[in-house]
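Everything below concerns the one structure shown next.
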Amino acid sequence: MITLDLTLPDTRYPIHIGHGLLDQAELILPHLPIPQVAIITNEVVAPLYLERLTQQLQNHGVHCIPVILPDGEAHKNWQTLNLIFDALLGANAERKTTLIALGGGVIGDMTGFAAACYQRGAPFIQIPTTLLAQVDSSVGGKTAINHPLGKNMVGAFYQPKLVLADMDLLATLPERELSAGIAEVIKYGLLGDADFLAWLEANMDKLRARDPEALQYAVRRSCEMKAAIVGQDEKEQGVRALLNLGHTFGHAIEAGLGYGQWLHGEAVGAGMVLAAAASQALGWLTQHDVERAVALIAAAGLPVRSPDFGIDEWMRHMGHDKKVESGVIRFVLLKQLGQAVIQPGLPTAVLDTLFSGPHIDPTISH
Ligand code: NAD
Ligand code: GLY
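Residues in the sequence shown are numbered consecutively from -12, following this note's numbering.
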């Protein structure tokens, strides 16, 4: 097991990465203020892992409240969040009851937000079960639900007490979800580590074949980068915005197609292609650089062409981005491969070319 630390001005927590961690209750017990937890999961993950985790904790005298939600991005909303509160109140959960997120990013984001709100703040723990959640969403304390008008628009910064990334849980992950997770891994290489990008180019086959060493290295390097960035800028006043590479375009795809049509990681994959193309239009990336980025994203099994919404709808959806300041969309673009920067606004001519160019697929719209 490898342990990384995320250190913030007023808190610090471990990120354990390894095998067989779900069966090690002793990693969780020191983080419980009282021996009571609510395990928030969904209909897909519950039959796979809920019983194992519950047994482990019960063997150590911990009372477990199971909360099983409907599955999927389309349920990341107020109605589902309220089901968590119904279950917590129905079971007399207290302010010191720890909420454990057992699932992917949807469960993690909703559980974190529920924990931030329940009795004005209950402790929570992340047990990410998707690659995407292990490399990104479980670390850093961004919690949220979607609004029909915008992705992750209602939420809070609220840090977990512990992240437990058990690599063995990825064995049951569908192929398409694995690729979606690799999108966020590629993001780290593109935004801040050219050597890691080259490693990904050399090891993509191993990652897709779930080679344990390759996967563990990818999770570790991603978490190291995320912890370092969040450690500098917890509330996204500066450098943390770079973690949104591909997301301004990607969130527009998710909202434009309807949540759950494309997976979040798929939208980020196609979004990173648009970010690379925009960076080329500004003279920062070469054609060869863009081809490298596109080839890597395609090799991960991700879409590299975005839907054809037309420029007005693209702009409308991107206008709901959380990085918008005084009405100006702040894009995360690439000065070079391995170096992301914030670019406030893009010339209309660039946007016109981008949204009608070769990286748009006219056969995909609504
Ligand atoms: P997800 O949570 O919907 O999980 C993907 C699918 O895999 C679901 O059907 C889930 O039930 C299933 N699943 C989960 N674990 C499994 C396992 N071990 N075996 C088999 N099936 C399993 O999606 P995701 O890709 O994990 O997360 C996407 C969400 O994360 C989005 O809502 C996105 O906005 C959010 N996100 C948040 C952050 C953050 O910093 N908070 C960062 C990136 C993404
Ligand atoms: N996933 C982007 C962030 O955590 O800031």
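Positions of the beta carbon are idealized from the N, C-alpha and C atoms, including for glycine.
Checklist entry - Beta carbon of HIS134: closer than 7 Å to some heavy atom of the ligand NAD? => result no
Checklist entry - Which word fits HIS47, buried or exposed, when buried means at least 16 other C-beta atoms lie within 10 angstroms of its C-beta? => result exposed
Item to check | Paired residues, beta bridge with THR(-6) - DSSP | outcome: ARG(-1)
Checklist entry - Counting pairs of beta carbons, one from the stretch 132 to 144 and one from the stretch 171 to 183, are three or more of them closer than 8 Å? => result no
Checklist entry - Would the beta-carbon of LYS309 be found less than 7 Å away from any heavy atom of the ligand GLY? => result no
Checklist entry - Does the distance from the C-beta atom of GLY243 to that of PHE296 stay below 8 Å? => result yes
Item to check | VAL291 beta carbon less than 8 Å from that of GLY256 | outcome: yes
Item to check | Residue closest to LYS309, alpha-carbon to alpha-carbon, out of LEU289, GLN326, ILE298, PRO331 | outcome: The shortest Cα separation from LYS309 among LEU289, GLN326, ILE298, PRO331 belongs to PRO331.
Next on the checklist: Just to confirm before moving on: does the CB-CB distance between THR117 and GLU164 stay below 8 Å?
Outcome noted: Taking the C-beta atoms as reference points, GLU164 is found nearer than 8 Å to THR117.
Item to check | C-alpha distance - ASN231 paired with GLY237, whole-angstrom precision | outcome: 9 Å
Checklist entry - Which of the three DSSP states, helix, strand or coil, is assigned to VAL311? => result Residue state for VAL311 is assigned as coil, using DSSP reduced to three classes.
Next on the checklist: My assumption, with CB atoms under 8 Å, is that ALA196 sits in contact with LEU119. Please give the rounded CB distance.
Outcome noted: Contact doesn't hold; Cβ gap of about 18 Å is too wide.
Next on the checklist: Taking the alpha carbon of ARG279 as the reference point, which residue from LYS322, GLY306, GLU188 has its own alpha carbon closest?
Outcome noted: Measuring from the Cα of ARG279, the nearest candidate turns out to be GLU188.
Next on the checklist: For LEU(-9) and TYR105, what's the separation of their Cα atoms in angstroms?
Outcome noted: 28 Å
Checklist entry - Nearest to LEU68 by CA position, among GLU241, SER209, HIS6, HIS134, is which residue? => result HIS134
Item to check | Secondary structure of ALA78, DSSP reduced to three states | outcome: coil
Next on the checklist: Quick check: the Cα distance between GLY245 and GLN66, rounded to an integer number of angstroms?
Outcome noted: 17 Å
Next on the checklist: Relative to the C-alpha of VAL126, which candidate in ASP155, GLY91, ALA109, LEU156 has its C-alpha closest?
Outcome noted: GLY91
Next on the checklist: Counting C-beta neighbours from all protein chains within 10 Å, is the total for ALA33 16 or more, i.e. buried, or is it exposed?
Outcome noted: buried
Checklist entry - Does DSSP classify LEU341 as helix, strand or coil? => result helix
Next on the checklist: Cutting at 6 Å between CB atoms, please list the residues of its own chain near LYS138, excluding the five before and the five after it.
Outcome noted: HIS238, GLU241, ALA242
Next on the checklist: Checking 8 Å against the spacing of the C-beta atoms, do ILE173 and LEU283 come in under that value?
Outcome noted: yes
Item to check | Backbone CA spacing between LYS148 and TRP301 [nearest angstrom] | outcome: 38 Å
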